[in-house]
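Worksheet: one structure, shown below.
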Amino acid sequence: MAQQPPPTYVFTGDRRRIEPYVYAYTMHCKGRWCGRRPDEVFGTEFKMNPPAYYEEALRDGRITVNDALWDGQSTLQQGDVIRHLAHRHEPPVPKGPIRVVGLTENALAVDKPPGLPMHPCGSYHHNTLTSLLREDFTTRSFVCADGVDWAEAQRAARQGLRQVHRLDRLTSGLVIFARSASAARTLCEDIGQGRTQKTYIARVRGCFPDDAPVLRPEKRPRNAELADGSWRIDGDWVEVSCSLRTASHRDGVCECAPDAEDAKAARTKFRLVRKLSDGTSIVECRPQTGRTHQIRLHLQFLNHPIANDPCYGGELGFAGSSLVDDAPPSSSEVLDPTGPRRPGESDADFVRRKCARCASKLDVIDASEERASCVFLHARSYAGPGWAFATVEPAWAAE
Numbered sequence: 010m011a012q013q014p015p016p017t018y019v020f021t022g023d024r025r026r027i028e029p030y031v032y033a034y035t036m037h038c039k040g041r042w043c044g045r046r047p048d049e050v051f052g053t054e055f056k057m058n059p060p061a062y063y064e065e066a067l068r069d070g071r072i073t074v075n076d077a078l079w080d081g082q083s084t085l086q087q088g089d090v091i092r093h094l095a096h097r098h099e100p101p102v103p104k105g106p107i108r109v110v111g112l113t114e115n116a117l118a119v120d121k122p123p124g125l126p127m128h129p130c131g132s133y134h135h136n137t138l139t140s141l142l143r144e145d146f147t148t149r150s151f152v153c154a155d156g157v158d159w160a161e162a163q164r165a166a167r168q169g170l171r172q173v174h175r176l177d178r179l180t181s182g183l184v185i186f187a188r189s190a191s192a193a194r195t196l197c198e199d200i201g202q203g204r205t206q207k208t209y210i211a212r213v214r215g216c217f218p219d220d221a222p223v224l225r226p227e228k229r230p231r232n233a234e235l236a237d238g239s240w241r242i243d244g245d246w247v248e249v250s251c252s253l254r255t256a257s258h259r260d261g262v263c264e265c266a267p268d269a270e271d272a273k274a275a276r277t278k279f280r281l282v283r284k285l286s287d288g289t290s291i292v293e294c295r296p297q298t299g300r301t302h303q304i305r306l307h308l309q310f311l312n313h314p315i316a317n318d319p320c321y322g323g324e325l326g327f328a329g330s331s332l333v334d335d336a337p338p339s340s341s342e343v344l345d346p347t348g349p350r351r352p353g354e355s356d357a358d359f360v361r362r363k364c365a366r367c368a369s370k371l372d373v374i375d376a377s378e379e380r381a382s383c384v385f386l387h388a389r390s391y392a393g394p395g396w397a398f399a400t401v402e403p404a405w406a407a408e
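Reminder that position 220 of the sequence shown reads as 229 in the numbering used here, one-by-one numbering, no gaps.
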């Protein structure tokens with residue numbers, strides 16, 4: 010295939026969409042695939058499509074092994090290259106614009122909206138923060154805060170930025186990018202080695218910290234190390250020490266697992282900011298370590314989960330409403346997903362015609378993606394040696 014053209018963005022309502030496009034997934038044979046048939050590998054490890062889809066794609070050439078049609082019998086071997094041509098439908102993301110909140114000679118900082126992934130992953134490729142910075146730093150997609158020079162910010166984005174930390178797709182707030190390799194090393198060291206004060210805010214269930222587990226308060230002296238799986242009150246702050254581990258790699262879910270051998274130590278401090286009339290509380294969060302889902306899990310540990318967290322105990326309604334994207338089909342062509350390849354039909358045209366989602370005239374969005382487009386967790390500010398960036402509070406933090 011020729012080099013993929015740039016994405017076509019479509020803005021409808023409050024969403025940014027990408028016109029569906031043909032994409033070549035290229036992968037090298039993994040060790041655990043050796044000696045297995047490709048239809049078996051796809052059917053068991055890539056469950057976003059039914060096994061019948063992969064069987065047909067292997068027969069008609071949308072999936073190839075070493076650029077050749079699979080013969081229906083041979084097994085995969087070390088060094089094999091598998092290519093899967095697919096018509097890619099990316100989920101929509103918030104329309105924006107994304108706010109650039111800081112710019113120095115070493116870094117550019119933005120306020121990431123909730124629902125926007127950091128980088129290409131899963132169903133997302135162009136609809137991600139890193140891709141938008143590189144491909145669409147325009148006035149329709151970005152806006153600069155007072156004191157930030159637009160032309161310089163655009164130049165920095167187009168010259169290439171380096172990611173130094175990340176936020177979950179559902180989390181909003183501050184994301185810092187380095188403008189050079191040396192700046193990236195310094196910022197990564199500042200953040201990773203505890204030289205950075207990270208401040209988040211969360212809206213949690215209940216009147217914080219009234220519902221914290223009464224059987225686990227830590228009664229050691231203030232200057233003593235907190236035991237794993239415990240918490241204590243220190244002035245205005247509630248300190249939590251509870252190790253975390255991955256509960257499901259496939260689902261991206263973690264869990265509190267104090268004293269478990271495969272868990273990693275995690276510590277967070279929390280402070281009540283204000284109580285809201287609906288029975289929730291706004292809480293300031295200061296993670297002392299940087300584990301995945303750390304703040305969300307430690308709030309769940311305290312029986313004050315983030316109020317709308319779909320994974321860790323939230324109960325409030327999620328953002329988003331419909332499971333069907335009503336954007337118009339990208340083509341008026343009469344599609345025939347069951348027909349064989351036509352004489353002279355290009356790979357791109359064939360893959361587009363075989364797309365079942367296009368043929369249905371509806372763009373069905375995965376329920377989990379649509380139902381949970383935001384959690385009430387926001388990265389408010391980061392401050393390190395000689396540098397600091399901050400964002401404004403989101404609307405959900407107000408009464």
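Think of the CB as a built atom: it goes at the ideal place given N, C-alpha and C, for glycine as much as any other residue.
- Phe217 is the residue among Thr255, Phe217 and Arg254 whose C-alpha sits nearest the C-alpha of Glu248.
- Judged by DSSP secondary structure, Tyr62 falls within the alpha helix (DSSP H) whose first and last residues are Pro60 to Asp69.
- Out of Leu253, Asp80 and Trp42, the CA that lies nearest to the CA of Glu270 is found in Leu253.
- For Glu264, the three-state secondary structure derived from DSSP is strand.
- It is roughly 15 Å from the alpha-carbon of Ala256 to the alpha-carbon of Gln309.
- Here Gly244 carries a coil assignment [DSSP, helix/strand/coil].
- One thing to note: Arg45 has its Cβ within 8 Å of the Cβ of Thr84.
- Nearest C-alpha to Phe146 among Ala166, Leu311, Ser191 and His96: Ala166.
- Annotated as proximal: Pro122 and Gly105, with beta-carbon spacing under 8 Å.
- Rounded to whole angstroms, the gap between the alpha carbons of Glu54 and Ile91 is 14 Å.
- Counting every other CB atom within 10 Å of its CB across the protein chains shown gives Gly323 a total of 16 or more, marking it as buried.
- Around the beta carbon of Gly124, 16 or more other beta carbons lie within 10 angstroms, which makes this residue buried.
- By the CB criterion at 8 Å, Gly215 and His387 fall outside the cutoff.
- In the DSSP assignment, Gln309 falls within the alpha helix (DSSP H) that extends over Gln303 to Phe310.
- Going by DSSP, Thr53 is part of the alpha helix (DSSP H) stretching over Pro47 to Glu54.
- Non-local beta-carbon contacts of Asp318 in its own chain, meaning distances under 7 Å to residues more than five positions away in sequence, involve Arg305 and Val384 in chain order.
- The beta carbon of Cys265 is closer than 7 Å to those of Cys251, Leu253, Leu306 and Phe310 in its chain, skipping five residues each way along the sequence.
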